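Colleague: First the structure, which I've put down as structure tokens, then a few questions once you've had a look.
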Amino acid sequence: DTAHCAGVTTTASAVCTRWRRHAVEVIDLPGTYALEGHAGDQRLGRAALLEARPDVVVAVVDATNLARNLYLVLQLLDLGYRVVVALNLVDEARRRHIDIDAAVLARELGVPVVRTVASKGEGVEGVMRTVLAVAEAGDGAGRGRRRRYGPLVEERVDELEALLEERAARRQLPFGLSSRAAALAVLEGDPETTVALAEFGELPFDPGDEALPLLVARQRHDVARRLAEACTAAPGLAPDTWWRITTTPRTGLPILGGVVAAVFTVLFVVGGFLSGVLTTAWEATVSPFLTDVVTAIFGDGALGRTVLWGVDGGVIATLAIGIPYILTFYVLLALLEDSGYLNAAAFLTDRVMHRFGLHGRAVIPLIAALGCNVPAIIGTRTLNSMRERLIASTLITLTPCSARTAIIIGAVALYAGWQWAILVYAVLIAVGVLAGLGLNRLLPGEKQGLVMEMFPFRRPVLRQVGAKTWRRFRDFIWDAAPIIVIGSMVLGALYETGWIWELTEPLSPVVETWLMLPAVAGLTLVFGVLRKELALQLLLTFAVVAYGSSVQDISSFMDTSQIVTFALVTSLYVPCVATIAVLGRELGRWRAALISLGTITTALVVGGLVNQVWIHL
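Heads up: the sequence shown runs through residues 124 to 740, numbered per the working numbering.
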């Protein structure tokens, strides 16, 4: 995976396979530079390593940035793991005239080092061979040479190590750690190890002392730097031309604007074409068959029609939005990631993101939100704190996904004009900016620093792009499709039984008086959360029932101001039930409820204010 870099991946995955008659379980952890941080990827990697205690750890090291990557290798060795180093991106290093002597690096570390170009599969078999050799060798294989980190650190380590050895005589240390490994973990502020050691008695110093982790990190970085210098020959190189062009505001901002415009253009041209083709094909071939089967089983009454809302309408919704827009967007996102451009965009927008209490890498899930909010919210796991995740997730829910963009294009641009569609986007951007600034000011918590690394630009490998796109789309289908189908059936039941019309009167003060929308638009706003991608279709369906078959399109019963207000409100409140479910899973139920209620309130206030301004113009 050519973009499996720190801050990009957020989940661990495991697979069992066989290699040369050996049963092997491979656990793939998120990319990270260290294990002692508080970001979600670092916490996940640390917890997985401590709990699993793998036989061998493969540390994939970037040959173009060796010193930074060796820090993690040293940390793994300090924790007592058996390590094999995969020296990756050696082709990129060669292109930059960076020559790394793998034999010297292996001798200095005391562990095997295998040169690889993972994107092309080069060296992967050598890594597997080496891993099995280390696993089958004696316990000392792959443990590396013992490092000492200066008198101040070692004095603390020796003191704590002696204490732990004395207390460990009565019980085993947690996670199978040695006394030195446990001592270093505590000095680094590792919360899992510190909590687990609490039952061993009081420590001889305050584990919350911030000076100790900084001291250990400084010493380890110094060792990593000296190791890299010992095995690397590299001429002084000017910064990569592409880095300068894409990260300098004068040239980078126009490029960023052009990239976003190109993504939108491709998304709507390709997405719109695929949506029409797939929907037409399904309705012509599959829908009649499903109708016959469901009618034969459930009859042609309200029950049968309700089932069809789910099994037929729900799948059509997934086809109309999921494949054309979300799949297309995931292809574009994977191309941008694997080319290295998203990292440049994160660097370029870092100063702006800081005004919202975020970092530049938060721009990656925010861009992903343009396709679908569900995976974008999952992507906030790479952020350092719950405060950042809460701010980013709120901004994501205010970002128009492909379903809401389809409403803006299909309603405002088509029936009111492109100038009004642009105005809707301008209002959405303004609301997002104000929300970010307000949350940054109101939410408690410290803003955490971040060191960003610029990854090299490279040509994406289509096989890797395809694999990454498929994994993301598969996860979207797994998370969202069942909720879309169930939501469709709930909506169908309310519609077919006529209960849905009972809501028009209680909604009247808000919908008809404040927003000045027709009653059918209010029903669409309520049930759009179940199927927002079908909001326009629902609106027309309700209008035909309420006003008769003379209704041909939304301009038949709504004027320009109502169309703009409807699109604004629809685009601002929480996107869909799938998003609410993921918010609850990622942030907790009460935070999900607050974000949902906050976006609903914002949508109603903004929609009403825009309508009042329109009246007085």
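Beta carbons: idealized from backbone N, C-alpha and C, even for Gly.
Since the structure is predicted, the reported quantities are computational estimates derived from the model, not experimental observations.
Can you tell me whether Leu720 is buried or exposed? The criterion is at least 16 other CB atoms within 10 Å of its CB, across all chains shown.
Modeller: exposed
Colleague: Give me the Cβ distance between Leu465 and Ile514, rounded to the nearest whole Å; I'm assuming they're in contact under 8 Å.
Modeller: The Cβ separation is near 20 Å, so there is no contact.
Colleague: Can the beta-carbon of Ala182 be found less than 8 Å from the beta-carbon of Leu199?
Modeller: yes
Colleague: Are the Cβ atoms of Val257 and Val196 separated by less than 8 Å?
Modeller: Cβ distance not < 8 Å, so Val257 and Val196 don't count as in contact.
Colleague: Look at the alpha carbon of Arg104 and the alpha carbon of Ile500, and state the distance between them as a whole number of angstroms.
Modeller: Since the first residue shown for the chain is 124 and the last is 740, residue 104 is missing from the structure and cannot be characterised.
Colleague: Tell me whether Arg270 sits in a helix, a strand or coil according to DSSP, three-state version.
Modeller: coil
Colleague: Ser525 lies in the alpha helix (DSSP H); which residues open and close that run?
Modeller: Ser525 to Ile530
Colleague: Does the segment 250 to 268 touch the segment 277 to 292, meaning 3 or more C-beta pairs lie closer than 8 Å?
Modeller: no
Colleague: How would you write the range of the alpha helix (DSSP H) that Arg553 sits in, first residue to last?
Modeller: Sequence inspection shows Ala at residue 553; the Arg mentioned does not correspond to that position. Unbroken alpha helix (DSSP H) run through Ala553: Trp541 to Leu565.
Colleague: State buried or exposed for Leu297, treating a residue as buried only when at least 16 other CB atoms are found within 10 Å of its CB.
Modeller: Checking the displayed sequence, the identity of residue 297 turns out to be Pro instead of Leu. Classification of Pro297: buried, given that the 10 Å Cβ count is 16 or more.
Colleague: Taking 7 Å as the cut-off, is the beta-carbon of Phe396 closer than that to any non-hydrogen atom of the ligand NAD?
Modeller: The ligand NAD is not among the ligands present in this structure, which contains no ligands whatsoever.
Colleague: State whether the segment 432 to 443 contacts the segment 394 to 409, with contact taken as three or more CB pairs (one from each stretch) at a distance under 8 Å.
Modeller: The answer is yes - the segment 394 to 409 touches the segment 432 to 443, with three or more Cβ pairs under 8 Å.
Colleague: Does the Cβ-Cβ distance between Leu662 and Thr647 come in under 8 Å?
Modeller: yes
Colleague: How would you write the range of the beta strand (DSSP E) that Ile150 sits in, first residue to last?
Modeller: His145 to Asp151
Colleague: Would you list the residues sitting across from Trp142 in a DSSP beta bridge?
Modeller: His145
Colleague: Tell me which same chain residues have a C-beta within less than 8 Å of the C-beta of Val691, skipping the five on either side of it?
Modeller: The amino acid occupying residue 691 in the given sequence is Leu; Val does not appear at that position. Excluding residues within five positions, the ones whose Cβ falls inside 8 Å are Val547, Val550, Leu551, Ala726, Val729, Gly730 and Val733.
Colleague: Could you tell me the alpha carbon to alpha carbon distance between Thr414 and Leu431, rounded to whole angstroms?
Modeller: Cα-Cα distance, rounded: 7 Å.
Colleague: Check whether the Cβ atoms of Pro274 and Gly312 sit closer than 8 Å, and answer yes or no.
Modeller: no
Colleague: Taking C-alpha atoms, which residue in Thr522, Val339 and Val613 lies nearest to Thr722?
Modeller: Thr522
Colleague: Give the straight-line distance between the Cα atoms of Leu459 and Gly651, rounded to the nearest whole angstrom.
Modeller: Spanning the alpha carbons of Leu459 and Gly651 requires a straight line of approximately 32 Å.
Colleague: Could you compute how far the alpha carbon of Arg270 sits from the alpha carbon of Gly233?
Modeller: Between the alpha carbons of Arg270 and Gly233 lies a gap of roughly 11 Å.
Colleague: Any contact of the segment 593 to 601 with the segment 444 to 455, i.e. 3+ C-beta pairs under 8 Å?
Modeller: Three or more Cβ pairs closer than 8 Å define a contact, and the segment 593 to 601 meets that threshold against the segment 444 to 455.
Colleague: For the alpha helix (DSSP H) containing Arg230, list its first residue and its last residue.
Modeller: Bounds of the alpha helix (DSSP H) holding Arg230 are Ala225 to Leu232.
Colleague: Just checking my contact of Leu746 with Gln685 at CB under 8 Å: how many whole Å lie between their CB atoms?
Modeller: Because the chain is modelled from 124 through 740, residue 746 falls outside the range shown and cannot be assessed.
Colleague: Tell me whether Asp185 sits in a helix, a strand or coil according to DSSP, three-state version.
Modeller: strand
Colleague: Which partner residues of Thr355 appear in the DSSP bridge assignment?
Modeller: Ile223
Colleague: Enumerate in chain order the residues of its own chain whose CB-to-CB distance from Glu619 is below 7 Å, with the five nearest sequence positions on each side excluded.
Modeller: Beyond the five residues adjoining it in sequence on each side, Glu619 comes within less than 7 Å, by CB distance, of Ala425, Arg428 and Thr429 in the same chain, given in chain order.
Colleague: Evaluate Phe665 with the Cβ neighbour count: other Cβ atoms within 10 Å of its Cβ, from every protein chain shown; 16 or more gives buried, anything less gives exposed.
Modeller: buried
Colleague: So the alpha helix (DSSP H) Val764 belongs to, where does it begin and stop?
Modeller: Nothing about residue 764 can be reported from this structure: the residues present for the chain run from 124 to 740 only.
Colleague: Look at the Cβ atom of Ala186, then the Cβ atom of Leu210, and state whether they are nearer than 8 Å.
Modeller: Taking 8 Å as the cut-off, the beta carbon of Ala186 is found closer than this to the beta carbon of Leu210.
Colleague: Mind checking which residues open and close the alpha helix (DSSP H) that includes Arg474?
Modeller: Asp473 to Arg478
Colleague: I need the DSSP call for Leu732, collapsed to helix, strand or coil.
Modeller: helix
Colleague: Am I right that Cys354 and Val179 are in contact with their C-beta atoms under 8 Å? What's the rounded C-beta distance?
Modeller: Contact between Cys354 and Val179 is ruled out by a C-beta separation of about 22 Å, above the 8 Å threshold.
Colleague: Report yes or no: is there a C-beta of chain C within less than 8 Å of the C-beta of Gln295?
Modeller: The chain labelled as chain C is not found in the depicted structure, where only one protein chain is given.
Colleague: Using 8 Å as the threshold, is the C-beta distance between Ala553 and Ala544 below it?
Modeller: no
Colleague: Quick one: Cα of Ala590 to Cα of Val584, how far?
Modeller: 10 Å
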